[in-house]
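Protein chains in written order, with the numbering used here: chain A, 271 to 617; chain B, 271 to 617; chain C, 271 to 617.
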Amino acid sequence: QNVAAESMSKINKGWWDSPYPSQFDSSQLTNKLDFVLVQGNKLVDESGKQVIFRGMNIADPDKLLREGQWSEKLFKEVKAWGANVVRLPIHPVSWQGHGKDAYFKLIDQAIIWANAQQMYIIIDWHSIGYLPVELFQHSMYDTTMKETRTFWKDIAFRYTGVSTVAVYELFNEPTDQGGRAGKANWLEWKAFNEELIDIIYAHDKKVIPLVAGFNWAYDLRPIQQNPVDRQGIAYTAHPYPQKAKPSVKSKENYFILWDQVWGFAAKDYPIIATELGWVNADGKGAHIPVINDGSYGPQIIEFMEDRNISWVAWIFDPDWSPTMISDWDYTPTQQGAFFKNEMQKHQ
Amino acid sequence: QNVAAESMSKINKGWWDSPYPSQFDSSQLTNKLDFVLVQGNKLVDESGKQVIFRGMNIADPDKLLREGQWSEKLFKEVKAWGANVVRLPIHPVSWQGHGKDAYFKLIDQAIIWANAQQMYIIIDWHSIGYLPVELFQHSMYDTTMKETRTFWKDIAFRYTGVSTVAVYELFNEPTDQGGRAGKANWLEWKAFNEELIDIIYAHDKKVIPLVAGFNWAYDLRPIQQNPVDRQGIAYTAHPYPQKAKPSVKSKENYFILWDQVWGFAAKDYPIIATELGWVNADGKGAHIPVINDGSYGPQIIEFMEDRNISWVAWIFDPDWSPTMISDWDYTPTQQGAFFKNEMQKHQ
Amino acid sequence: QNVAAESMSKINKGWWDSPYPSQFDSSQLTNKLDFVLVQGNKLVDESGKQVIFRGMNIADPDKLLREGQWSEKLFKEVKAWGANVVRLPIHPVSWQGHGKDAYFKLIDQAIIWANAQQMYIIIDWHSIGYLPVELFQHSMYDTTMKETRTFWKDIAFRYTGVSTVAVYELFNEPTDQGGRAGKANWLEWKAFNEELIDIIYAHDKKVIPLVAGFNWAYDLRPIQQNPVDRQGIAYTAHPYPQKAKPSVKSKENYFILWDQVWGFAAKDYPIIATELGWVNADGKGAHIPVINDGSYGPQIIEFMEDRNISWVAWIFDPDWSPTMISDWDYTPTQQGAFFKNEMQKHQ
Ligand SMILES: [Mg+2]
Ligand SMILES: [Mg+2]
Ligand SMILES: [Mg+2]
Ligand SMILES: [Mg+2]
Ligand SMILES: [Mg+2]
Numbered sequence: 271q272n273v274a275a276e277s278m279s280k281i282n283k284g285w286w287d288s289p290y291p292s293q294f295d296s297s298q299l300t301n302k303l304d305f306v307l308v309q310g311n312k313l314v315d316e317s318g319k320q321v322i323f324r325g326m327n328i329a330d331p332d333k334l335l336r337e338g339q340w341s342e343k344l345f346k347e348v349k350a351w352g353a354n355v356v357r358l359p360i361h362p363v364s365w366q367g368h369g370k371d372a373y374f375k376l377i378d379q380a381i382i383w384a385n386a387q388q389m390y391i392i393i394d395w396h397s398i399g400y401l402p403v404e405l406f407q408h409s410m411y412d413t414t415m416k417e418t419r420t421f422w423k424d425i426a427f428r429y430t431g432v433s434t435v436a437v438y439e440l441f442n443e444p445t446d447q448g449g450r451a452g453k454a455n456w457l458e459w460k461a462f463n464e465e466l467i468d469i470i471y472a473h474d475k476k477v478i479p480l481v482a483g484f485n486w487a488y489d490l491r492p493i494q495q496n497p498v499d500r501q502g503i504a505y506t507a508h509p510y511p512q513k514a515k516p517s518v519k520s521k522e523n524y525f526i527l528w529d530q531v532w533g534f535a536a537k538d539y540p541i542i543a544t545e546l547g548w549v550n551a552d553g554k555g556a557h558i559p560v561i562n563d564g565s566y567g568p569q570i571i572e573f574m575e576d577r578n579i580s581w582v583a584w585i586f587d588p589d590w591s592p593t594m595i596s597d598w599d600y601t602p603t604q605q606g607a608f609f610k611n612e613m614q615k616h617q
Numbered sequence: 271q272n273v274a275a276e277s278m279s280k281i282n283k284g285w286w287d288s289p290y291p292s293q294f295d296s297s298q299l300t301n302k303l304d305f306v307l308v309q310g311n312k313l314v315d316e317s318g319k320q321v322i323f324r325g326m327n328i329a330d331p332d333k334l335l336r337e338g339q340w341s342e343k344l345f346k347e348v349k350a351w352g353a354n355v356v357r358l359p360i361h362p363v364s365w366q367g368h369g370k371d372a373y374f375k376l377i378d379q380a381i382i383w384a385n386a387q388q389m390y391i392i393i394d395w396h397s398i399g400y401l402p403v404e405l406f407q408h409s410m411y412d413t414t415m416k417e418t419r420t421f422w423k424d425i426a427f428r429y430t431g432v433s434t435v436a437v438y439e440l441f442n443e444p445t446d447q448g449g450r451a452g453k454a455n456w457l458e459w460k461a462f463n464e465e466l467i468d469i470i471y472a473h474d475k476k477v478i479p480l481v482a483g484f485n486w487a488y489d490l491r492p493i494q495q496n497p498v499d500r501q502g503i504a505y506t507a508h509p510y511p512q513k514a515k516p517s518v519k520s521k522e523n524y525f526i527l528w529d530q531v532w533g534f535a536a537k538d539y540p541i542i543a544t545e546l547g548w549v550n551a552d553g554k555g556a557h558i559p560v561i562n563d564g565s566y567g568p569q570i571i572e573f574m575e576d577r578n579i580s581w582v583a584w585i586f587d588p589d590w591s592p593t594m595i596s597d598w599d600y601t602p603t604q605q606g607a608f609f610k611n612e613m614q615k616h617q
Numbered sequence: 271q272n273v274a275a276e277s278m279s280k281i282n283k284g285w286w287d288s289p290y291p292s293q294f295d296s297s298q299l300t301n302k303l304d305f306v307l308v309q310g311n312k313l314v315d316e317s318g319k320q321v322i323f324r325g326m327n328i329a330d331p332d333k334l335l336r337e338g339q340w341s342e343k344l345f346k347e348v349k350a351w352g353a354n355v356v357r358l359p360i361h362p363v364s365w366q367g368h369g370k371d372a373y374f375k376l377i378d379q380a381i382i383w384a385n386a387q388q389m390y391i392i393i394d395w396h397s398i399g400y401l402p403v404e405l406f407q408h409s410m411y412d413t414t415m416k417e418t419r420t421f422w423k424d425i426a427f428r429y430t431g432v433s434t435v436a437v438y439e440l441f442n443e444p445t446d447q448g449g450r451a452g453k454a455n456w457l458e459w460k461a462f463n464e465e466l467i468d469i470i471y472a473h474d475k476k477v478i479p480l481v482a483g484f485n486w487a488y489d490l491r492p493i494q495q496n497p498v499d500r501q502g503i504a505y506t507a508h509p510y511p512q513k514a515k516p517s518v519k520s521k522e523n524y525f526i527l528w529d530q531v532w533g534f535a536a537k538d539y540p541i542i543a544t545e546l547g548w549v550n551a552d553g554k555g556a557h558i559p560v561i562n563d564g565s566y567g568p569q570i571i572e573f574m575e576d577r578n579i580s581w582v583a584w585i586f587d588p589d590w591s592p593t594m595i596s597d598w599d600y601t602p603t604q605q606g607a608f609f610k611n612e613m614q615k616h617q
């Protein structure tokens with residue numbers, strides 16, 4: 271008589287009953303949004319009309335939930351500021367801690383709420399470091415090759431054919447931290463991005479994989495010789511004000527440097543600058559490379575609008591710097607007021 | 271004075287006292303079974319006589335334990351049905367959850383109970399997916415390269431020289447799910463199997479490593495050009511009824527397709543079809559690729575018996591499909607009655 | 271109204287508030303110790319004077335803490351025995367279990383206590399196995415490539431510029447256990463060591479990375495053809511008495527074998543033998559390869575002193591074999607008394 275077995279036999283559900291994952295139920299959506307796809311160096315809707323994304327990052331949904339700020343009200347406010355896209359920076363630490371199934375519920379809500387406002391969603395795997403050696407800038411960005419592949423497999427499966435989910439930003443900010451996090455190698459990084467894109471495309475061809483370069487998603491020069499060898503993708507850049515370092519800080523000099531390092535790519539590919547923004551030197555959370563006196567705002571917008579570059583400001587949150595709001599009454603900061611006005615111009 | 275240390279000093283055992291692993295104690299066995307080894311394309315016993323395995327899968331031992339069905343009675347019934355081999359499908363999720371040391375106790379029991387009935391054991395690392403990129407079909411199959419190597423290192427050490435444990439099935443069903451789980455590459459997969467075989471052989475040369483091909487262990491064609499470069503191994507196939515898709519469903523057409531994709535290998539290597547079976551379209555757990563009206567049974571058996579292919583039906587369990595029993599009174603299902611008769615013919 | 275969010279909003283700190291790691295505060299140190307650096311095949315201080323390390327291993331700090339033996343008293347006793355260096359064997363299992371932040375506090379204490387006695391510290395990642403395939407000799411040595419890189423990134427950051435921390439021993443004892451833990455490949459191992467050295471040097475150039483060869487850190491012959499391609503490093507050897515197996519056990523024959531396998535390297539590189547020691551066949555914890563009648567002691571010391579090889583005896587602990595003390599009153603064992611005398615000669 272196996273006593274252990276007897277007592278365990280009362281458990282009538284086991285790991286073998288764990289269901290297969292399910293897909294997002296699009297019948298929950300209010301609006302039919304066009305798919306956004308790549309055509310040459312443009313993003314276009316289903317009628318072939320150019321789409322320029324102008325929008326904002328919100329904080330990690332798990333943070334917003336913990337703070338009592340996760341609600342449709344937030345998405346309505348984002349829309350009221352003029353955004354047509356919302357970026358969700360999903361940190362590995364919160365993905366792991368919240369649990370995949372529960373986290374999907376948050377993303378589902380974001381999609382439903384964004385769709386109701388006719389806004390698109392960018393899903394961003396928000397890690398910083400050099401993934402091929404699995405070294406990261408901080409424990410909240412800690413992940414693995416395996417987890418990253420699995421994340422995109424699971425996301426691509428769940429949101430297959432959901433037009434509101436327009437962009438998959440494969441890895442937020444690749445950097446080897448000047449060697450402290452390994453030695454970044456473009457061909458290795460390019461190959462890994464291609465592997466992720468293939469996994470996504472095996473599930474869903476109507477989505478835009480978004481690829482970042484080194485130096486915290488600033489430097490796209492390696493694609494001049496070795497572009498990512500897949501169709502239908504876009505590139506990102508995070509052109510914070512202190513990334514370019516002209517000897518004389520004129521608009522012309524910034525434009526020259528921006529063009530050299532990432533802007534050039536807009537001639538051949540759609541570019542979505544998924545993080546940008548600034549704060550004054552004495553402002554909340556001021557840190558390199560985001561410090562600026564405000565002259566940056568009009569310059570970077572002129573640069574991007576001239577080149578049909580989409581942009582997503584960082585960040586519609588009162589805690590994470592550079593902030594766009596100073597409180598949960600959505601009071602705009604200096605950059606918040608600026609980007610709000612720029613978005614509203616295009617409504 | 272270090273207060274923390276003082277209070278911790280009461281713990282007089284620590285991680286440094288954790289013992290080295292121990293080996294299975296063969297004195298617990300009732301019968302001396304011949305080692306089964308590879309000779310050309312045959313399995314043979316110690317006198318050189320051909321051995322054909324005909325037997326059944328039971329469920330994961332952890333499942334059986336939790337359900338109160340883990341007992342010698344089960345093994346006696348399996349023997350009564352005519353089996354000479356039992357396959358243990360060890361799911362990564364149950365290996366992890368049960369814990370290595372406790373799981374070894376289950377395997378030990380299986381060996382003792384099987385040996386008492388003069389049956390052999392196949393240990394199967396029951397994962398599904400493409401291991402080199404660590405993507406899997408379901409979370410219950412989730413494992414890593416490291417865990418898989420460690421599993422075989424630990425298993426090979428524990429059961430060194432135990433003849434009852436005849437076969438190590440390295441990885442149940444390799445598949446990239448049509449690209450959704452990466453891109454399967456035969457040379458990469460072959461090399462990894464060779465690495466596992468080397469680890470096993472460094473412990474134990476008198477055991478048969480069993481290698482699977484892609485398409486959920488169906489397709490062995492790559493071994494025509496690139497066989498696994500190790501001696502003493504066998505190949506497996508899981509030829510469920512809907513894997514071959516002849517335009518006209520005649521026995522002859524099935525035989526042609528089976529020969530093309532996996533049966534050909536029986537000319538050069540021992541083959542052990544470690545999963546096969548069917549269920550009617552309206553039967554319990556009917557799903558692709560196991561649905562059949564019953565015509566499959568006699569055909570696949572004729573095909574295998576003609577070629578001296580060993581076979582292990584899926585599965586002597588009332589829950590997992592295709593079932594061979596409909597309840598824990600061991601009432602045979604349609605396929606259960608069929609395979610029972612086929613096994614008993616050879617008793 | 272999101273009730274879950276409401277109740278979670280009371281949590282006003284989250285993962286996003288987790289601070290960045292901080293560096294060791296050197297103002298806690300009593301003495302200014304010279305940096306020790308590599309010059310040709312010598313270790314030298316800042317004035318270029320040769321340094322020979324002669325010292326001892328203590329147990330894993332986590333073990334000592336749990337036993338109530340973690341205190342400055344221990345370091346004073348080590349100094350009283352004549353040591354100028356202390357090696358900290360940090361086992362992966364204790365690093366994982368204790369937690370990084372808490373473990374840093376232990377290392378900080380070790381540095382402060384060693385510095386007060388004008389002794390240097392060797393930080394040793396105390397694993398045994400073949401890391402490129404992540405197979406290990408025992409679960410207490412279980413780690414990963416990722417964890418090992420992260421360990422050295424974190425250690426190198428925290429102790430940047432701390433001269434007391436003189437040596438980083440990258441991986442205690444590499445071995446494939448004769449194939450049971452994979453197949454060791456020198457070029458693969460060399461490349462991984464170079465990768466770790468680059469990560470360390472990106473943080474701190476004034477530290478000595480210490481590299482081990484296969485056969486449990488005994489065999490340095492591969493560096494004759496393929497030395498580790500980095501400057502400023504040293505090699506280690508763990509020449510326990512039964513590693514060399516001369517047919518006639520004469521001093522001359524041991525010297526020949528030692529020179530062939532590892533001693534030769536002292537002509538070109540600094541060597542630090544970070545483990546050595548013996549116990550009688552009937553002594554506590556006697557096991558291959560540490561058994562010896564005591565003749566080994568004077569021989570290995572003569573061999574090393576002739577060649578300016580630094581050495582660190584294993585181990586100033588009453589439990590771990592070969593022991594140097596038989597109790598926590600620090601009563602010397604046979605080898606303890608011998609090495610104590612050898613160290614005190616040079617005080
Ligand atoms: Mg979509
Ligand atoms: Mg950022
Ligand atoms: Mg065996
Ligand atoms: Mg199956
Ligand atoms: Mg130092």
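By construction, the Cβ of each residue, glycine as well, lies at the ideal position given by its N, Cα and C atoms.
Answer yes or no: does any C-beta atom of chain A fall closer than 8 Å to that of I469 (chain C)? Stepping through the third sequence from its first residue, residue 469 (chain C) is reached at position 199. At least one C-beta of chain A is nearer than 8 Å to the C-beta of I469 (chain C).
Contact set between the segment 399-426 of chain B and chain A, restricted to residues whose Cβ is under 8 Å from the partner: Correct list: V403, E404, L405, H408, S409, M410 and T414.
Out of B:D412, B:A426, B:I595 and B:R450, which one is the CA nearest neighbour of A426 (chain A)? In the first sequence, the residue the question calls residue 426 (chain A) occupies position 156. Of the candidates B:D412, B:A426, B:I595 and B:R450, the one whose C-alpha sits nearest the C-alpha of A426 (chain A) is B:R450.
Roughly how many angstroms separate the alpha carbons of T593 (chain A) and G310 (chain A), rounded to a whole number? Walking along the first sequence from the start, residue 593 (chain A) turns up at place 323. Walking along the first sequence from the start, residue 310 (chain A) turns up at place 40. Rounded to the nearest angstrom, the two C-alpha atoms are 34 Å apart.
Extent of the continuous alpha helix (DSSP H) to which R428 (chain B) belongs: What you label residue 428 (chain B) is simply residue 158 of the second sequence in a count that begins at 1. Here the alpha helix (DSSP H) through R428 (chain B) covers M415 to R428.
Which whole-angstrom value is the C-beta distance of L405 (chain C) and K423 (chain B), which I expect to be below 8 Å? Position 135 of the third sequence holds residue 405 (chain C). Position 153 of the second sequence holds residue 423 (chain B). Yes, L405 (chain C) and K423 (chain B) are in contact; Cβ-Cβ is about 6 Å, under 8 Å.
Just checking D474 (chain C) against ligand 5 - is the residue's beta carbon closer than 7 Å to any of the ligand's heavy atoms? Residue 474 (chain C) sits at position 204 when you count from the first residue of the third sequence. Distance from the C-beta of D474 (chain C) to the nearest heavy atom of ligand 5 is below 7 Å.
Relative to ligand 5, is the shortest distance from any of its heavy atoms to the C-beta of A556 (chain A) smaller than 7 Å? One-based indexing of the first sequence puts residue 556 (chain A) at position 286. Flag unset: Cβ of A556 (chain A) not near ligand 5.
Distance, Cα to Cα, E417 (chain C) vs W590 (chain A)? As a first step, residue 417 (chain C) must be located in the third sequence, where it is residue number 147. As a first step, residue 590 (chain A) must be located in the first sequence, where it is residue number 320. One C-alpha to the other measures close to 29 Å.
Which same chain residues, not among the five before or five after P289 (chain A), have their C-beta less than 6 Å away from its C-beta? Here residue 289 (chain A) refers to the residue found at position 19 of the first sequence. Hits under 6 Å: none found.
As assigned by DSSP and simplified to three states, the class of D489 (chain B): Your numbering for residue 489 (chain B) matches position 219 in the second sequence. In the structure shown, D489 (chain B) falls within a strand segment according to DSSP collapsed to helix, strand and coil.
First and last residue of the uninterrupted beta strand (DSSP E) at Y471 (chain A): Against the first sequence, residue 471 (chain A) aligns to sequence position 201. That residue, Y471 (chain A), is in no beta strand (DSSP E); its alpha helix (DSSP H) goes W456 to H473.
Span separating the alpha-carbon of V477 (chain B) from that of K302 (chain B): Taking the second sequence and counting its residues from 1, the one referred to as residue 477 (chain B) is at position 207. Taking the second sequence and counting its residues from 1, the one referred to as residue 302 (chain B) is at position 32. Taking the straight line from one Cα to the other gives about 16 Å.
Do R336 (chain B) and F374 (chain B) count as a contact pair if the criterion is CB distance below 8 Å? Within the second sequence, residue 374 (chain B) is the residue found at index 104, counting from 1. Within the second sequence, residue 336 (chain B) is the residue found at index 66, counting from 1. No, these two residues do not count as a Cβ contact at 8 Å.
Closer than 5 Å to ligand 5: residues, by C-beta to nearest heavy atom, in chain order: Selection output, chain order preserved: C:V432, C:V435 and C:V477.
Within 8 Å (strictly less), CB to CB, does K333 (chain C) reach chain E? The chain labelled as chain E is not found among the protein chains of the depicted structure, namely A, B and C.
Buried or exposed, going by whether 16 or more other CB atoms sit within 10 Å of the CB of H473 (chain A)? Here the question's residue 473 (chain A) lines up with position 203 in the first sequence. Flag for H473 (chain A) reads buried.
At a cut-off of 7 Å, would you count Y429 (chain B) as near ligand 3, judging by its Cβ distance to the nearest heavy atom? Indexing the second sequence from 1 puts residue 429 (chain B) at position 159. Indeed, a heavy atom of ligand 3 lies less than 7 Å from the Cβ.
Would you please state the rounded distance, in angstroms, between the beta carbons of Y355 (chain C) and I392 (chain C)? I believe it to be under 8 Å. If you number the third sequence from 1, residue 355 (chain C) lands on position 85. If you number the third sequence from 1, residue 392 (chain C) lands on position 122. Correcting the residue identity first, residue 355 (chain C) is Val in this sequence and not Tyr. Yes, they are in contact, since the Cβ atoms of V355 (chain C) and I392 (chain C) sit about 6 Å apart, within 8 Å.
Is S317 (chain B) close to chain C? Criterion is C-beta to C-beta, closer than 8 Å. What you label residue 317 (chain B) is simply residue 47 of the second sequence in a count that begins at 1. With respect to chain C, the C-beta atom of S317 (chain B) has no partner C-beta closer than 8 Å.
Keeping to the same chain, check which residues put their C-beta closer than 6 Å to that of W548 (chain C); ignore five residues upstream and five downstream. Mapped onto the third sequence, residue 548 (chain C) falls at position 278. Here the set comprises P511, V560, N562, Y566, P592 and Q605.
When the Cα atoms are used, what is the spatial distance from I377 (chain B) to P331 (chain B)? Your numbering for residue 377 (chain B) matches position 107 in the second sequence. Your numbering for residue 331 (chain B) matches position 61 in the second sequence. Each residue's alpha carbon lies about 8 Å from the other.
Would L480 (chain A) and E439 (chain A) qualify as a contact pair, given that the criterion is a beta-carbon distance under 8 Å? Start at 1 with the first residue of the first sequence, and residue 480 (chain A) comes out as number 210. Start at 1 with the first residue of the first sequence, and residue 439 (chain A) comes out as number 169. Yes, these two residues count as a Cβ contact at 8 Å.
Selected residue, minimal CA-CA separation from V582 (chain C), among C:I526, C:I322, C:L313 and C:P602: If you number the third sequence from 1, residue 582 (chain C) lands on position 312. Ranking C:I526, C:I322, C:L313 and C:P602 by Cα distance to V582 (chain C) puts C:I322 first.
Entirely enclosed beta strand (DSSP E) segments - the segment 534-570 of chain A, minimum 3 residues: Counting only runs of 3 or more, we get 541-543.
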